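Top to bottom, those sequences are chains A and B.
Last residue of the first sequence: 261 (the UniProt record's numbering), numbering continuous.
Last residue of the second sequence: 283 (the UniProt record's numbering), numbering continuous.
Glycine included, C-beta positions come from ideal geometry on N, C-alpha and C.
None of the values given here were measured: they were computed from a predicted structure.
Just below is one structure, and these are the notes that go with it.
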Amino acid sequence: MKKRYPFIRAVMIVVYAFIFLPIFIVALMSFNASQYGTFPFVFSTKWYVRLFTGASLGGATWLSIWFSLLVTLTMVVVGVMTSLGLKRSNAKFAKVFSALLNMGVIIPWLVLGVALLMIFNFIGLGRSYLGMYLGNSICVLPYVVLLVYPALCELNDNLEFAARAMGASPLRAFFTVVLPGIFPAVAAGGLMAFMVCFNNFVIQYYLAPFGVRTLPLEIYNMVRVGYKPDINALATIMVLVSTALVYLVNKLGYGSKRSLL
Amino acid sequence: MTKSKLSTWLLMLPSTGMLALLVVAPLAVLVFASLIQGNNLALDAALSLGNYATILEKGLFFPLMGKSLAMAGSVTAACILLAYPTAYGLAKCVGEKHRNLLVVLIIIPFFTSQLLLIYSMMVLLQANGPVMSLLGLFGRNASTSILYTNFAVFLILLYEFLPYMVLCLYSSMCKIEDNQLYAAQVMGAGKARRFLDVIFPLSSPGLLSGIIIVFVPAAGSFVEANLAGGTNGMLIGSYIDTNFSVSLNIGRGCALCVLFLLVLCVITLIINAVIRGVAGRRL
Chain A
1 MKKRYPFIRA VMIVVYAFIF LPIFIVALMS FNASQYGTFP FVFSTKWYVR
51 LFTGASLGGA TWLSIWFSLL VTLTMVVVGV MTSLGLKRSN AKFAKVFSAL
101 LNMGVIIPWL VLGVALLMIF NFIGLGRSYL GMYLGNSICV LPYVVLLVYP
151 ALCELNDNLE FAARAMGASP LRAFFTVVLP GIFPAVAAGG LMAFMVCFNN
201 FVIQYYLAPF GVRTLPLEIY NMVRVGYKPD INALATIMVL VSTALVYLVN
251 KLGYGSKRSL L
Chain B
1 MTKSKLSTWL LMLPSTGMLA LLVVAPLAVL VFASLIQGNN LALDAALSLG
51 NYATILEKGL FFPLMGKSLA MAGSVTAACI LLAYPTAYGL AKCVGEKHRN
101 LLVVLIIIPF FTSQLLLIYS MMVLLQANGP VMSLLGLFGR NASTSILYTN
151 FAVFLILLYE FLPYMVLCLY SSMCKIEDNQ LYAAQVMGAG KARRFLDVIF
201 PLSSPGLLSG IIIVFVPAAG SFVEANLAGG TNGMLIGSYI DTNFSVSLNI
251 GRGCALCVLF LLVLCVITLI INAVIRGVAG RRL
């Protein structure tokens, strides 16, 4: 298949340019002295200085990081348990269960967020950290199961049987044989969960306690008020971080051949 | 045997509980709340279909729903047009070495915050920004902007969802064997025939999941319209949102959500049937 494909090549160039031009411009503007992101270009690093000295974005970033870590760690445990259970359950139950699990992905987050706010108001929980935690967890869980369950199914069962036959307890067999075997998928699921939670604006918009601003909420407020050049600096850093994370996921073997979806 | 049944049951307990309490129960409460007038969410509240009657009478629902569906439809169509050649190129034309890098590049925006993607598109499109300055060279007034129009919302949604479509199509095109394409070529099928009779039917599962993954969230989007849509940018998502965050009419907001979900269900079923039907006939 070593032929020239002028049309496909042209479309690919347009697509990649479309995807990376805005990111590139934002990175460029983050070094531009102009307050309004306009030309002419004058080099400056003052927005990075402001980003790290100004309080609002920094605080929101930390809140988002530790909150997403908490959601990710707990949901990876639940996700792995679910995958183990799904593999042992009968086919009919597994089918119904995964259909229900996929609903969490297919229902627009707007509707899910509103519905969760309703039920939390109804039971008196309202907008709270616990509510925000639960809402983000249910959004994240399907992604973990979607990545871990197929890996678990591909694992050779005989290894576990052998460990059990040699006298290992179920728990020991899991930690010494099964978990190392599915570790890349678990790590990829964890990274995916972290990113989904970290970036989940809509759910946090409806469920975050009043006055508490996670990073997406903070950015939303800043963008709505007007152009803020220190977001450029933040965006540049975040794109670099997500590039590093994507590279990690890819290294773990879940980037190229297997789709993330 | 019973012991292993018990352990399976225990393993499934947390997630089953979460699904029941955080997906099924909230949706039930949503339907219940849609039957309540105003904001009095209590078990003994009087139930009626009043909210639905007001919504259908007032006539804001249909135009906004139509506009959202048109927006989501055009975004999905543009995604398909751009993503098909790209996914084909990634799966079949690019060398092994470049492929990995190119796929990773497509995944990056997918991992970047939705808000930052919206924001970077707004920076690109703003008055006196890069695009308008460029257009200014061709005689357009650079201090006006296409930002705060429906077209800007379209571009932002396209930008957000294009990677999803490319990844969905790419994963199913990887499964098409080169031999099948060769065979079609040897038998004399031209480019169009090869696409219609081989590539399209075999990639239809990816196309289907791509359409659903793009269309459904695009139809329910409201952040893009709130930030970049300007005064005429309202979509059904923003209308639902205003009932909760601005005008506070919980009953009506919930009824809107229920209607919106129903419309989405019907459309998803139609898309499913159409793609399966067309692809099935081609196989």
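Could you check what DSSP says for L60 (chain B) in three-state terms: helix, strand or coil?
The count along the second sequence starts at 1 and reaches residue 60 (chain B) at position 60. L60 (chain B): coil per DSSP, three-state reduction.
Bridge partner(s) assigned by DSSP for F43 (chain A):
Here residue 43 (chain A) corresponds to residue number 43 of the first sequence, with the count starting at 1. Under the DSSP definition of a beta bridge, F43 (chain A) partners with A:N32.
Bridge partner(s) assigned by DSSP for I36 (chain B):
Taking the second sequence and counting its residues from 1, the one referred to as residue 36 (chain B) is at position 36. I36 (chain B) has B:L47 as its beta-bridge partners, per DSSP.
So that I know if they touch, is there some Cβ in chain B lying closer than 8 Å to that of L108 (chain A)?
Numbered from its first residue, the first sequence carries residue 108 (chain A) at position 108. Checking the sequence, you will find Pro at residue 108 (chain A) rather than Leu. Using a CB distance cut-off of 8 Å, P108 (chain A) counts as an interface residue toward chain B.
Quick one: residues in its chain with C-beta nearer than 7 Å to the C-beta of L86 (chain A), no 5 flanking neighbours on either side, listed in chain order?
Indexing the first sequence from 1 puts residue 86 (chain A) at position 86. So the list reads A94, F97 and Y149, once near-sequence residues are dropped.
Since L152 (chain A) meets chain B, which of its residues come closer than 9 Å, beta carbon to beta carbon?
Here the question's residue 152 (chain A) lines up with position 152 in the first sequence. Listed along the chain, the chain B residues whose CB falls inside 9 Å of the CB of L152 (chain A) amount to none; the nearest CB is some 12 Å away.
Cβ atoms of S56 (chain A) and N232 (chain A): under 8 Å apart, would you say?
Reading the first sequence from its first residue, position 232 is the one you call residue 232 (chain A). Reading the first sequence from its first residue, position 56 is the one you call residue 56 (chain A). Against a cut-off of 8 Å, the Cβ pair of S56 (chain A) and N232 (chain A) comes out as no contact.
Cα separation between P108 (chain A) and G220 (chain B)?
In the first sequence, residue 108 (chain A) corresponds to position 108, counting from 1. In the second sequence, residue 220 (chain B) corresponds to position 220, counting from 1. Distance between the alpha carbons of P108 (chain A) and G220 (chain B): 6 Å.
Considering only residues of the same chain and omitting the five flanking positions on each side of L234 (chain A), which have a CB-CB separation below 7 Å?
Residue 234 (chain A) sits at position 234 when you count from the first residue of the first sequence. For L234 (chain A), where only same-chain residues beyond five positions count, the Cβ hits under 7 Å are L51 and L57.
Give me the Cα-Cα distance between G229 (chain B) and A218 (chain B), rounded to the nearest whole angstrom.
Position 229 of the second sequence, counted from the start, is the residue given in the question as residue 229 (chain B). Position 218 of the second sequence, counted from the start, is the residue given in the question as residue 218 (chain B). If I take the Cα positions, the gap works out to 14 Å.
When burial is assigned at 16 or more other CB atoms within 10 Å of the CB, is I13 (chain A) buried or exposed?
For this step, residue 13 (chain A) is matched to residue 13 along the first sequence. Under the 10 Å beta carbon count, I13 (chain A) is surrounded by fewer than 16 other beta carbons and is classified as exposed.
Quick one, which of A:R224, A:F198 and A:V239 has its alpha-carbon nearest V71 (chain A)'s?
Along the first sequence, one-based indexing puts residue 71 (chain A) at 71. Taking V71 (chain A) as reference, the option from A:R224, A:F198 and A:V239 with the minimal CA-CA separation is A:F198.
Ordered along the chain, which non-local residues of its own chain (more than five positions away) have a Cβ less than 8 Å from that of F244 (chain B)?
Locating residue 244 (chain B) in the second sequence gives position 244, counting from the first residue. Here F244 (chain B) has I250 and G253 as same chain residues with Cβ atoms under 8 Å from its own Cβ, once five neighbours each way along the sequence are excluded.
Measure the C-alpha to C-alpha separation of N128 (chain B) and K228 (chain A) and round it to an integer number of angstroms.
As a working mapping, residue 128 (chain B) is identified with position 128 in the second sequence. As a working mapping, residue 228 (chain A) is identified with position 228 in the first sequence. The alpha-carbon atoms of N128 (chain B) and K228 (chain A) are separated by roughly 15 Å.
On the criterion of 16 or more Cβ atoms from any shown chain inside 10 Å, does Y182 (chain B) qualify as buried, or is it exposed?
On the second sequence, position 182 is the one that residue 182 (chain B) refers to. With fewer than 16 other Cβ atoms inside 10 Å of its own Cβ, Y182 (chain B) counts as exposed.
So that I know if they touch, is there some Cβ in chain A lying closer than 8 Å to that of P14 (chain B)?
Your numbering for residue 14 (chain B) matches position 14 in the second sequence. Residue-level contact by beta carbon holds for P14 (chain B) and chain A, with a gap shorter than 8 Å.
Say whether chain A places a C-beta atom closer than 8 Å to the C-beta of M1 (chain B).
Here residue 1 (chain B) corresponds to residue number 1 of the second sequence, with the count starting at 1. Any answer about M1 (chain B) is weak, because its pLDDT of 46 lies below 50 and its placement is not dependable; what the coordinates show is given next. Using beta-carbon distances, M1 (chain B) does not count as an interface residue toward chain A, since no partner is under 8 Å.
Roughly how many angstroms separate the alpha carbons of I146 (chain B) and F138 (chain B), rounded to a whole number?
Looking up residue 146 (chain B) in the second sequence gives position 146. Looking up residue 138 (chain B) in the second sequence gives position 138. Rounded to the nearest angstrom, the two C-alpha atoms are 15 Å apart.
Host alpha helix (DSSP H) of A152 (chain B) (start-end)
Your numbering for residue 152 (chain B) matches position 152 in the second sequence. Residues N150 to M173.
Apply the 10 Å Cβ neighbour rule to Q126 (chain B) and answer buried if 16 or more other Cβ atoms are within range, or exposed otherwise.
Within the second sequence, numbered from 1, the residue matching residue 126 (chain B) stands at position 126. Q126 (chain B) is buried by the Cβ-count criterion.
DSSP three-state label for S83 (chain A), please.
For this step, residue 83 (chain A) is matched to residue 83 along the first sequence. It is helical.
Secondary structure at E177 (chain B), three-state DSSP: helix, strand or coil?
Working through the second sequence from its first residue, we reach residue 177 (chain B) at position 177. In the three-state DSSP reduction, E177 (chain B) falls in the coil class, being neither helix nor strand.
Backbone CA spacing between S256 (chain A) and C139 (chain A) [nearest angstrom]:
Sequence index remark: in the first sequence, residue 256 (chain A) carries index 256 (1-based). Sequence index remark: in the first sequence, residue 139 (chain A) carries index 139 (1-based). Reliability fails at S256 (chain A), whose pLDDT of 38 lies under 50, so the model's placement of it is uncertain and no value is given.
Would a check of beta-carbon distances place P217 (chain B) closer than 8 Å to chain A?
On the second sequence, residue 217 (chain B) is found 217 positions in, with the first residue counted as 1. Output row for P217 (chain B): interface = yes.
Is there at least one Cβ from chain A nearer than 8 Å to L11 (chain B)'s Cβ?
Along the second sequence, read from residue 1 onward, the residue named residue 11 (chain B) stands at position 11. Answer yes: the Cβ-Cβ gap between L11 (chain B) and chain A drops below 8 Å somewhere.
Keeping to the same chain, check which residues put their C-beta closer than 8 Å to that of S259 (chain A); ignore five residues upstream and five downstream.
In the first sequence, residue 259 (chain A) corresponds to position 259, counting from 1. Only weak support is given to the placement of S259 (chain A): the predicted model assigns it a pLDDT of 39, under 50, and the value that follows is read from those uncertain coordinates. If we look at S259 (chain A) and ignore the five residues flanking it on each side, it has no Cβ neighbours.
Counting only Cβ pairs nearer than 8 Å, list the residues of chain A close to L134 (chain B).
Along the second sequence, one-based indexing puts residue 134 (chain B) at 134. In chain order: nothing, as chain A lies at least about 10 Å away.
Can you check which of these residues, A:M238, A:R9 and A:M222, is closest to M122 (chain B) by C-alpha distance?
In the second sequence, the residue the question calls residue 122 (chain B) occupies position 122. Checking every option, the nearest Cα to that of M122 (chain B) belongs to A:M222.
To be precise: take each residue of the stretch 112-131 of chain B, compare its Cβ to all Cβ atoms of chain A, and keep it if any distance is under 8 Å. Which residues remain?
If the cut-off is 8 Å between Cβ atoms, the stretch 112-131 of chain B has T112, S113, Q114, L115, L116, L117, I118, Y119, S120, M121, M122, V123, L124, Q126, N128, G129 and P130 near chain A.
Buried or exposed: V103 (chain B), going by 16 or more other Cβ atoms within 10 Å of its Cβ?
The sequence position of residue 103 (chain B) within the second sequence is 103, counting from 1. Under this definition V103 (chain B) is a buried residue.
Run down chain B in chain order and give the residues with a C-beta less than 9 Å from the C-beta of I23 (chain A).
Translated into the one-based positions of the first sequence, residue 23 (chain A) becomes position 23. The contacting residues are I108, P109, T112, L116, L117 and S120.
Grab me the residues of Y48 (chain A)'s own chain with a C-beta within less than 6 Å of its C-beta, minus the 5 sequence neighbours each way, in chain order.
Counted from its first residue, the first sequence places residue 48 (chain A) at position 48. Answer for Y48 (chain A): A233, listed in chain order.
Taking only three categories from DSSP, how would you classify N128 (chain B)?
Within the second sequence, the letter at position 128 stands for residue 128 (chain B). Three-state DSSP puts N128 (chain B) in coil, outside helix and strand.
List, from N- to C-terminal side, the alpha helix (DSSP H) runs of 4 residues or more that fit wholly inside the stretch 187-245 of chain A.
Runs found: 201-207 and 215-225.
C-beta atoms of F200 (chain B) and A279 (chain B) nearer than 8 Å:
Reading the second sequence from its first residue, position 200 is the one you call residue 200 (chain B). Reading the second sequence from its first residue, position 279 is the one you call residue 279 (chain B). Between F200 (chain B) and A279 (chain B), the CB-CB gap stays under 8 Å.
Within a Cβ cutoff of 6 Å, which residues of the same chain sit near I271 (chain B), ignoring the five residues on either side of it in sequence?
Taking the first residue of the second sequence as position 1, residue 271 (chain B) is located at position 271. Closer than 6 Å at the Cβ level, and outside the excluded window around I271 (chain B), lie I211.
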